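Here the structure is laid out as structure tokens; the discussion comes afterwards.
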Amino acid sequence: MTRRSKRELERAVDDLDGEDGSYGLQDLFWASLKDYYDGSLTPGERRLLKAPEEQLSPAAKTHAETLEFENMEAGDA
1 MTRRSKRELE
11 RAVDDLDGED
21 GSYGLQDLFW
31 ASLKDYYDGS
41 LTPGERRLLK
51 APEEQLSPAA
61 KTHAETLEFE
71 NMEAGDA
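The opening residue of the sequence shown carries number 1 in the UniProt record's numbering; numbering runs sequentially from there.
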């Protein structure tokens, strides 16, 4: 396999990775950490950081909202 064809395959796999609504909170945190430390991000991770509300799964969105609500309550106490 040539280097070029290997890169093309890797890009094709990266493009398939993480269709809209399939990422979890762990994926978001990991992508954010990689971005902070200048790690290389996959195209899916870039999309996730750019528009998390479109990329997170419904369960992850619900969990994030629950965490936000709990943090608001803890701040009021």
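Yeah, the Cβ is synthetic: ideal placement off N, Cα and C, and Gly gets one too.
The structure displayed is predicted, hence computed values, not measured ones.
Excluding the five sequence neighbours on either side, which residues of its own chain have a C-beta within less than 6 Å of the C-beta of residue i, listed in chain order?
i     : result
Arg47 : Gln55
Can you grab the Cα-Cα spacing for the pair residue i / residue j, in whole Å?
i     : j     : result
Glu68 : Ser40 : 29 Å
Ala60 : Ala51 : 14 Å
Leu28 : Glu65 : 14 Å
Which same chain residues, not among the five before or five after residue i, have their C-beta less than 7 Å away from its C-beta?
i     : result
Asp35 : Leu41 and Leu49
His63 : Leu25
Ser57 : Gly21, Ser22, Tyr23 and Gly24
Mark residue i as exposed unless 16 or more other C-beta atoms lie within 10 angstroms of its C-beta, in which case mark it buried.
i     : result
Tyr23 : buried
Gly75 : exposed
Glu10 : exposed
Glu73 : exposed
Just grab the DSSP bridge partners of residue i for me.
i     : result
Tyr23 : Leu56
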